[in-house]
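Scroll down for the structure; my scribbles are underneath it.
Number of protein chains: 2
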Amino acid sequence: MVKSMTKDALLSAFAGESMAHMRYLVFADIAEKEGYSNVARLFRAIAYAEQVHATNHYNVLRVFNEDAKISSGAPIGPGDTSKNLDLAYRGEVYEIEEMYPVYLEIAKYQDEKEAQRSFYFALSAEKIHAQLYKTAKEYVDKKQDFPLAPDEKVWICPVCGHTHVGKEPPEKCPVCGAPRGMYKGF
Amino acid sequence: MVKSMTKDALLSAFAGESMAHMRYLVFADIAEKEGYSNVARLFRAIAYAEQVHATNHYNVLRVFNEDAKISSGAPIGPGDTSKNLDLAYRGEVYEIEEMYPVYLEIAKYQDEKEAQRSFYFALSAEKIHAQLYKTAKEYVDKKQDFPLAPDEKVWICPVCGHTHVGKEPPEKCPVCGAPRGMYKGF
Ligand SMILES: [Fe+2]
Ligand SMILES: [Fe+2]
Ligand SMILES: [Fe+2]
Ligand SMILES: [Fe+2]
Ligand SMILES: [Fe+2]
Ligand SMILES: [Fe+2]
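Below you can see the structure in the form of structure tokens.
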């Protein structure tokens, strides 16, 4: 059984990741309609990375079964793709600078190894997400799509959500060690 | 601008639907591993219906952009497929008996037409979801998969989340009127 404070952190992180996943799917459709098809791919890929994080947090809670009232912060309100990228960026920065560092401290203090691993995986990926959204916004603000060559993809590690843009995924995931063949391309 | 209490209801419903979507994706993978491939299809189809609901609620919030602390109830804790179906059923019943009827009253009292529509669409689909999960659990408790003939699918209306099991979707959606061709099959 996960200790109570770590459990609350996992629940809140599950809620936050589930909502981020959903927002990015909404934003992908908007980007598609505005003609930014690579930004749409980026949103869909990162939505999948957030699904990996949500699933990891949820699975750490496995032995726990009750109704929970969950509270999680989220920037809300879709707009055009430039605004959505800003909102996505701010969400990632909140996770990098506040949420996951604090949750990681809680899990360390309470010696909850599985929760630490799940928070560490997420924190590592969110740093990349923030950079990608920042870059994409710079292009969109010049009315250009996010640059992806025809043979390039956005690659997501299905174990930890590590996110990589390029022709191929890394030989093994730099965060969790999963082999290249496991990555999912968008 | 959506009035404040209706806005809170939309935010909470967005959080609840996002988490339901995510739980059902987790449950689908577990069902697949246990050999219940039709239950997995049911979970994936209904996960998509919850995505439709979350997207509808989110889009009603369009003009609103701020950081929100969101609170939503959710039964948490994955187990085996029988337990997951029970948990999914209980979540749907909560939405049918308490959450959406209350949110619909709030939106009616505040004369928020778009929110009413979004809550009504969700409420209508959740009633079907509860029945489907109940039926699926009865089969799984006899170690049988949810029955789907080779030419049958679980059909989801992408406008309102209406859910239909059969060879074909209805000629038009009984809830929102969308034509047959729009349904997505799982
Ligand atoms: Fe994440
Ligand atoms: Fe992220
Ligand atoms: Fe990884
Ligand atoms: Fe729903
Ligand atoms: Fe439902
Ligand atoms: Fe419909």
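As they're listed, the protein sequences go chains A and B.
For what it's worth, full-length UniProt numbering labels the leading residue of the first sequence as 1, then goes sequentially.
For what it's worth, full-length UniProt numbering labels the leading residue of the second sequence as 1, then goes sequentially.
Think of the CB as a built atom: it goes at the ideal place given N, C-alpha and C, for glycine as much as any other residue.
Check: Would you kindly work out how many angstroms separate the C-alpha atoms of M19(B) and K143(A), rounded to a whole number?; Outcome: 34 Å
Check: Comparing the C-beta of S4(B) with each C-beta of chain A, is any distance below 8 Å?; Outcome: no
Check: Out of curiosity, what's the CA-to-CA distance linking V154(B) and R90(A)?; Outcome: 37 Å
Check: Are the C-beta of K118(A) and some C-beta of chain B separated by less than 8 Å?; Outcome: Per the sequence presented here, residue 118(A) reads as Ser, with Lys not at that position. False, the Cβ-Cβ gap to chain B never drops below 8 Å.
Check: Could you check whether Y36(B) and V140(B) sit closer than 8 Å to each other, using their CB atoms as the reference points?; Outcome: yes
Check: Show which residues of chain B have a CB atom less than 7 Å away from the CB atom of V26(A).; Outcome: T55 and Y58
Check: Let me know if K33(B) comes out buried or exposed under the rule of 16 or more other beta-carbons within 10 Å of its beta-carbon.; Outcome: exposed
Check: Helix, strand or coil: which one does DSSP assign to V140(B)?; Outcome: helix
Check: Under the DSSP definition of a beta bridge, which residues are partnered with K184(A)?; Outcome: I156(A)
Check: Measure from the alpha carbon of R62(A) to the alpha carbon of each residue in D86(A), V2(A) and V39(A), then state which is nearest.; Outcome: V2(A)
Check: So is E95(B) buried or exposed if we call it buried at 16+ other beta carbons inside 10 Å?; Outcome: buried
Check: Quick check: the segment 155-164 of chain A against the segment 176-184 of chain A, are at least 3 beta-carbon pairs closer than 8 Å?; Outcome: yes
Check: Please state if the CB of F119(B) and the CB of Y103(B) are separated by a distance shorter than 8 Å.; Outcome: yes
Check: Assess, as a yes-or-no matter, whether the segment 112-129 of chain B is touched by the segment 162-169 of chain B under the definition of 3 or more beta carbon pairs within less than 8 Å.; Outcome: yes
Check: DSSP three-state call for V2(B): helix, strand or coil?; Outcome: coil
Check: Determine the DSSP secondary structure at H164(B), reduced to helix, strand or coil.; Outcome: strand
Check: Could you check how far apart the C-beta atoms of K137(B) and L85(B) are, in whole angstroms? I think they sit under 8 Å.; Outcome: 4 Å
Check: Can you list, in chain order, the residues of its chain whose CB lies under 6 Å from that of E92(A), leaving out five sequence neighbours each side?; Outcome: E126, H129 and A130
Check: Relative to ligand 4, what is the chain-ordered list of residues with a Cβ closer than 5 Å to any of its non-hydrogen atoms?; Outcome: E17(B), E50(B), H53(B) and A122(B)
Check: Can you give me the Cβ contacts of A47(A) inside the same chain, cut-off strictly under 6 Å, excluding the 5 residues immediately before and after it?; Outcome: H21, Y24 and L25
Check: For D145(A), does the count of other Cβ atoms within 10 angstroms reach 16, so buried, or fall short, so exposed?; Outcome: buried
Check: For P179(B), does the three-state DSSP call read helix, strand or coil?; Outcome: strand
Check: Check the Cβ-Cβ distances between Q51(A) and every residue of chain B, and say whether any is below 8 Å.; Outcome: yes
Check: E17(A) to D80(B), Cα distance in whole Å?; Outcome: 23 Å
Check: With a cut-off of 8 Å, does the C-beta of S12(A) fall near any C-beta of chain B?; Outcome: no
Check: Under the criterion of a Cβ to heavy atom distance below 7 Å, does E114(A) qualify as lining ligand 1?; Outcome: no
Check: For a test of your reading of the model: does the CB of H162(B) fall under 7 Å from any non-hydrogen atom of ligand 5? Yes or no.; Outcome: no
Check: Could you pull the start and end residues of the alpha helix (DSSP H) that G91(A) belongs to?; Outcome: T81 to Y94
Check: Can you tell me which of T135(B), A107(B) and L123(B) puts its alpha carbon nearest to the alpha carbon of S4(B)?; Outcome: A107(B)
Check: Could you tell me which residues DSSP pairs with K172(B) in its beta bridges?; Outcome: P179(B)
Check: What is the rounded straight-line gap between the Cα of F121(B) and the Cα of C173(B)?; Outcome: 11 Å
Check: Over the uninterrupted alpha helix (DSSP H) stretch that includes F146(B), give me the two end residues.; Outcome: Premise fails: F146(B) is in no alpha helix (DSSP H) and is neither H nor E.
Check: So A49(A) and A40(A) are in contact, right, with Cβ under 8 Å, and what is the actual spacing, rounded?; Outcome: Going by Cβ atoms, the distance from A49(A) to A40(A) rounds to 15 Å, so no, they are not a contact pair.
Check: Between which residues of its own chain and A88(A) is the CB-CB distance below 6 Å, once the five residues before and five after are set aside?; Outcome: Y133
Check: Nearest to N59(A) by CA position, among R117(A), E171(A) and D151(A), is which residue?; Outcome: R117(A)
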